[in-house]
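Here the protein sequences line up with chains Z and A, keeping their order.
Quick note: the first sequence uses this note's numbering, first residue 1, plus one each step.
Quick note: the second sequence uses this note's numbering, first residue 322, plus one each step.
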Amino acid sequence: MLLRRVGIENIANLVGHGGHFVCSASFEKRSLTIPLQFAADVFDSVVICENINHAELHQGHGATLRDHFGANCRMAWLNTDNPLETGDSLFGGIADLARDSSQRIVVDISTFTHESLLMLLRVLYITRQCVNVTLLYSKATEYSIGDRPENKWLSKGVGEIRSVLGFPGRVYPSRALHLIVLVGLEYQRTIDIVGRYEPTEISLGYGRTGDLPSTDDIGHHGFWKVHAIYEGAREFTFSPLDPIAARRKISDQVKRTDGYNVIVAPMNTKLSTIAAGLVACENDNVQLCYAKALVYNYHNYSRPGEEVFVVELEGEDRDNL
Amino acid sequence: MEKATDSRNPFAVRTPEDLSANETLGLFVDVFTDFFKIREPGHTILNGARGTGKSMMFRYLQPDCQRMLRHAALSQLPYLGVLVSVKNTYPNITELQRLVDSYANALLNEHFLAMFVACRLFVTLAQNIGHLSAMERRELLTFYRRGFLGRLRRAGATNLRDGLPERASSVDILKTMATCCDELYNDVVVYLKNLSFQAKLLPYTGALCGYLDLLVPLVEDLRSLSFIPHGPVYLLVDDGDYLNEIQTRILNSWISTRTSASISIKVSTALNYKSFYTLSRQRIDSPHDYSEVNMNDIYTSSKGKYLGRVEEIVRKRLELSGIERTPRDFFPPDEAQEDEINRIGAEIKAAWKSEGRGHRPSDDVVRYARPKYIAGLKGTRKAGSSYSYAGFEQLVHVSSGVVRFFLDAAALMYSEEVARSQTNHIIAIRPTIQDQVLRQQSEELMFGELDKMFSDQSAAGSFAAGHGSDDLKWKLHNLLKLLGGIFHQKLISNDSERRVFSVALSDEPDSELRSLFRLGVRFGYFQETTIGNKDGTGRTPLYVLTRRLAPYFFLDPTGFAGYLFVTSDKLREGLANPDQALRRIKKAGVGKVFDEGQLHLFE
Chain Z
1 MLLRRVGIEN IANLVGHGGH FVCSASFEKR SLTIPLQFAA DVFDSVVICE NINHAELHQG
61 HGATLRDHFG ANCRMAWLNT DNPLETGDSL FGGIADLARD SSQRIVVDIS TFTHESLLML
121 LRVLYITRQC VNVTLLYSKA TEYSIGDRPE NKWLSKGVGE IRSVLGFPGR VYPSRALHLI
181 VLVGLEYQRT IDIVGRYEPT EISLGYGRTG DLPSTDDIGH HGFWKVHAIY EGAREFTFSP
241 LDPIAARRKI SDQVKRTDGY NVIVAPMNTK LSTIAAGLVA CENDNVQLCY AKALVYNYHN
301 YSRPGEEVFV VELEGEDRDN L
Chain A
322 MEKATDSRNP FAVRTPEDLS ANETLGLFVD VFTDFFKIRE PGHTILNGAR GTGKSMMFRY
382 LQPDCQRMLR HAALSQLPYL GVLVSVKNTY PNITELQRLV DSYANALLNE HFLAMFVACR
442 LFVTLAQNIG HLSAMERREL LTFYRRGFLG RLRRAGATNL RDGLPERASS VDILKTMATC
502 CDELYNDVVV YLKNLSFQAK LLPYTGALCG YLDLLVPLVE DLRSLSFIPH GPVYLLVDDG
562 DYLNEIQTRI LNSWISTRTS ASISIKVSTA LNYKSFYTLS RQRIDSPHDY SEVNMNDIYT
622 SSKGKYLGRV EEIVRKRLEL SGIERTPRDF FPPDEAQEDE INRIGAEIKA AWKSEGRGHR
682 PSDDVVRYAR PKYIAGLKGT RKAGSSYSYA GFEQLVHVSS GVVRFFLDAA ALMYSEEVAR
742 SQTNHIIAIR PTIQDQVLRQ QSEELMFGEL DKMFSDQSAA GSFAAGHGSD DLKWKLHNLL
802 KLLGGIFHQK LISNDSERRV FSVALSDEPD SELRSLFRLG VRFGYFQETT IGNKDGTGRT
862 PLYVLTRRLA PYFFLDPTGF AGYLFVTSDK LREGLANPDQ ALRRIKKAGV GKVFDEGQLH
922 LFE
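Structure representation (structure tokens):
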């Protein structure tokens, strides 16, 4: 696995020509940032994923992408209320393209939901062991636009919590549970999730971008509140922007409690979600879960940035862990 | 002299499942006088919001606690409590949805559930079996070979081998059986994993076990062993809401089989149990098939019980942490505020002969002293904004019948007190911290930032137009705003009943209003109970607003409060624009708007 950071203006040159492109249309303007950098005929084919159950909130971003790529693209309709529908659509839309691993697959992961992104990763793992896959991630310059750090939010509440399709884990009824949460912006959601599982072991992972904690770190704010209530929770940090390093950190947490059932709840950046997905692809015992929010900050979710993270997956081997 | 305090937060969450028997007995507050059916033989469904202490009750019924409590051997216990803790995502995994509408659905889910339960049974026994004599160990080994392996092989687990040496210990025998069940459970997971992205079902060639053909006979055989309790096995299914629909119906089918003499099923739910139907679509009913216990009813209708219970829980927690303080000393009220309320109370008492409304002076003091004080406070926003919610009794009232809400708030207060005092030697939480934490929690409950977002009508419009469920949430938000506002107006009025926290509908609500209240109950904004209707011809639902919102709406959370009868039409009028409706109510008075035949909200 290789990680690079490039300016958005250089992404088209870096990616070059050929292969297949998969992207997502969402309510975030960021869903257009990377795709519109590519000319319509750069790729052999384009798959645009869009959640059909709230397409009306996407401000026409799906249509913009369809217009841009024209006849070269097709839709994969997903549904956040129906994981089977999403799984089938992703598999149907991508599996055939993915089976030929000599053909590169480029995915703009920026605005997929965590759940559909993990399913997509699983499909790529089943079909080609994640060989010859390039993931692109457009980092937002700001989340929860205009709010003070302590007031920032992307989603509120926890509705249904479900295992992610393709990642049921190997759960043993005789064993105790170790829950690993990659904490997101909203500490209350972490409290809710931990409260729902009542695990024996809790590991709370906080994204840290530098050597020292910073108020810019996602999940930093409100940490003390989680810790006051779940005093026994262990804490670890991971890089929210480096899936290679994050994968190692998550894997270390998994190994810490041998003989436990392990569930990982990735709620931080998409890059760290990829890291969690890779850990679970390589370790069948790990279950991934997805906590559906009650409400999303549709109107002020993020401001598109100028920087793109490029992750090259070359078939992830277990020796790296 | 103070004892050195433990550095641990006395109010931090400790999962009952992970408490030792000693800790459980130390922390448990006996509630079985109210919930006696739970420890009696027979199927029981125990309903209560999350955090009301259901898991703790189940933990207390487990054999290690019961042995310690009764100073008895395992075989002397009247029942064997087996905790079957259902988690959000197991045994209910997403791939199981592939089976819906197929014959395999009921069969595989029942096998899955049976293995889950059987595994927990053997784990419980392994943890509690203690030392067995040579003869007893032989008995167990025979059970393993004939009863356990024999039955599983007949159910299709033909690969099972008896790898146990003759001299295997009793714990090893029991652990082996738990491992077998673990493996059979996971055979289903592996099968399902192959269906993750495959809509067409694949053949399943593994074992298939059920309740009547495996679990019941296994339990019968176990109960005949000399060292096992001869009473029933209590399956303590914790968080039954997390089972999927078919698993719920399977469990209901088990309940309907009337096997409670050997297996009594006790299911706890957080009021979201998915179905009361069996696989054959028969409804299970209380008290015919099971006893029903509603913790919320007891906590919301029994004056004083909840307060006393929380006081006992907090006392035990403080004691365990080495803090020699009563709960009331540890959470002191704002003294100046209490003095002022007492002064107003004395005035009311003195004027009772000429102006009194209640039967006794003390009735009027309880009813009016605090509301009058709140009404007299002039904050920057509205009357009551500088009211302090500190003080043990107020904290208990604000926790609204859910112990966890009290403890979570207390844990945050303790942590904040440690941070500000810069010591672990905490002997009290200062009132300003108590008040601040409660206010923050109340604001967050009212959707925090979402509240601001919903107050922006254009944003709300896009939610309303765009998304069905968001439309409902927006209306729920408006309903809360409307009711909270009405209750505040009532509190600062001169009406005879000022402390109001509930509404009952005097007519039949339409489906939207019903869904709205149902959503509110689900999210914990309301508790639902019933009262006699206005005509005296039956009962009607009463929706009690959670007192956790008292700080947000500047309400008096103490004691039991009255209710208002409202018509659906009036509520619907207010839902569209609660601010406008509240202005109208403020001008006309709550009594005028809500008395029959009086003004409409927008007249």
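For every residue, glycine included, the Cβ atom is placed at its ideal position computed from N, Cα and C.
This one's a predicted model, so the numbers in the text were calculated from it and none came from an experiment.
What residue range does the alpha helix (DSSP H) around residue i cover?
{"i": "R74/Z", "result": "No alpha helix (DSSP H) holds R74/Z; the beta strand (DSSP E) holding it covers C73 to L78."}
{"i": "H178/Z", "result": "From DSSP, H178/Z is part of no alpha helix (DSSP H) but of the beta strand (DSSP E) over L177 to L182."}
{"i": "L863/A", "result": "Note, L863/A: premise wrong, no alpha helix (DSSP H); beta strand (DSSP E) at R860 to L866."}
{"i": "V686/A", "result": "P682 to G697"}
{"i": "I813/A", "result": "Here I813/A belongs to no alpha helix (DSSP H), and DSSP marks it neither H nor E."}
{"i": "L728/A", "result": "V724 to S742"}
From what residue to what residue does the beta strand (DSSP E) around residue i run?
{"i": "D559/A", "result": "V554 to D559"}
{"i": "H20/Z", "result": "H20 to A25"}
{"i": "L2/Z", "result": "L2 to G7"}
{"i": "N343/A", "result": "N343/A -> not in any beta strand (DSSP E); alpha helix (DSSP H) instead, spanning A342 to L348."}
{"i": "F332/A", "result": "Here F332/A belongs to no beta strand (DSSP E), and DSSP marks it neither H nor E."}
{"i": "V131/Z", "result": "Note, V131/Z: premise wrong, no beta strand (DSSP E); not H, not E."}
Only counting the same chain, and skipping five residues up and downstream in sequence, which positions put a Cβ closer than 6 Å to that of residue i?
{"i": "D319/Z", "result": "No answer about D319/Z holds up, because its pLDDT of 42 lies below 50 and its placement is not dependable."}
{"i": "K139/Z", "result": "G305 and E307"}
{"i": "G787/A", "result": "In this prediction, G787/A has a pLDDT of 39, which is less than 50 and means its spatial position is unreliable; nothing more can be read from the coordinates."}
{"i": "R4/Z", "result": "V310"}
{"i": "L321/Z", "result": "Caution applies to L321/Z, whose pLDDT of 40 falls short of 50 and renders its modelled position unreliable; the value that the coordinates give is listed next. Excluding positions up to five away in sequence, the list reads S251."}
{"i": "F838/A", "result": "Y864"}
{"i": "P654/A", "result": "A711 and G712"}
{"i": "T526/A", "result": "none"}
In terms of alpha-carbon separation, which member of the options lies closest to residue i?
{"i": "E338/A", "options": "A591/A, V554/A, V558/A and A499/A", "result": "V558/A"}
{"i": "E764/A", "options": "K908/A, R868/A and I747/A", "result": "R868/A"}
{"i": "D422/A", "options": "G372/A, C501/A, L600/A and Q658/A", "result": "L600/A"}
{"i": "I414/A", "options": "S577/A, L429/A and D650/A", "result": "L429/A"}
{"i": "R725/A", "options": "M267/Z, R170/Z, R196/Z and S26/Z", "result": "R196/Z"}
{"i": "A528/A", "options": "G883/A, F713/A and A478/A", "result": "A478/A"}
{"i": "I359/A", "options": "P384/A, T578/A and I586/A", "result": "I586/A"}
{"i": "P35/Z", "options": "L294/Z, N82/Z and T111/Z", "result": "T111/Z"}
{"i": "A25/Z", "options": "A265/Z, L313/Z, G19/Z and H61/Z", "result": "H61/Z"}
{"i": "V865/A", "options": "I852/A, L446/A and R570/A", "result": "I852/A"}
{"i": "T647/A", "options": "P654/A, A657/A and R636/A", "result": "R636/A"}
{"i": "A731/A", "options": "I662/A, K496/A, I750/A and E566/A", "result": "I750/A"}
{"i": "R459/A", "options": "Y512/A, S490/A and L797/A", "result": "S490/A"}
{"i": "P608/A", "options": "L367/A, L834/A, K496/A and D503/A", "result": "L367/A"}
{"i": "H178/Z", "options": "G232/Z, I126/Z, I161/Z and E142/Z", "result": "G232/Z"}
Excluding five sequence neighbours on each side, which residues of the same chain lie with their C-beta closer than 7 Å to the C-beta of residue i?
{"i": "T86/Z", "result": "L78, N79, S116 and M119"}
{"i": "R175/Z", "result": "G259, Y260 and N261"}
{"i": "D81/Z", "result": "N53"}
{"i": "T365/A", "result": "K358, I359, K587, Y611, S612 and V614"}
{"i": "H17/Z", "result": "V42"}
{"i": "V171/Z", "result": "N261 and Q287"}
{"i": "E312/Z", "result": "M1, L2 and T134"}
Leaving aside the five residues before and after residue i along the sequence, list all residues of the same chain whose C-beta is less than 8 Å from its C-beta, in chain order.
{"i": "D685/A", "result": "I669, K670, W673, G677, R678 and G679"}
{"i": "R329/A", "result": "S642"}
{"i": "N593/A", "result": "D562 and R843"}
If you measure from the CB of residue i, is any heavy atom of the ligand MG nearer than 7 Å?
{"i": "L600/A", "result": "The ligand MG is not among the ligands present in this structure, which contains no ligands whatsoever."}
- Taking only runs that begin and end inside the region 537 to 617 of chain A, name each unbroken alpha helix (DSSP H) of 4 or more residues, in chain order. 537 to 544 and 566 to 577
- Task: May I have a chain-ordered list of the beta strand (DSSP E) segments no shorter than 3 residues that lie completely inside the region 225 to 302 of chain Z?
- Result: 234 to 238, 261 to 266 and 286 to 291
- Quick one: complete alpha helix (DSSP H) runs, 4+ long, within the region 476 to 535 of chain A? 491 to 514
- Near-chain Z residues of the region 497 to 516 of chain A (beta-carbon distance less than 9 Å), N- to C-terminal order: A499, T500, C502, D503, E504, Y506, N507, V510, V511, L513 and K514
- Task: Identify every run of the alpha helix (DSSP H) within the region 364 to 416 of chain A, keeping only runs that are complete inside it and at least 4 residues long; order them along the chain.
- Result: 375 to 381 and 384 to 391
- Message: Under 9 Å, CB to CB, which of the residues in the region 517 to 531 of chain A have a partner in chain Z?
- Response: S517, F518, Q519 and A520
- Message: Taking beta-carbon pairs under 8 Å, can you tell me which members of the region 414 to 433 of chain A lie near chain Z?
- Response: I414, T415, E416, Q418 and R419
- Message: Threshold first: 4 residues or longer. Then list the alpha helix (DSSP H) segments lying entirely within the region 427 to 475 of chain A, N to C.
- Response: 455 to 463 and 471 to 475
- Using Cβ-Cβ distances below 7 Å, what residues of the region 63 to 93 of chain Z are close to chain A? P83, L84, G87, D88 and F91
- Note down, in chain order, all residues in the region 327 to 346 of chain A with a beta-carbon under 9 Å from any beta-carbon belonging to chain Z. R329, N330, F332, A333, V334, R335, T336, P337, E338 and D339
- Query: Which residues, in order along the region 15 to 46 of chain Z, keep a beta-carbon less than 8 Å from a beta-carbon of chain A?
  - Reply: none
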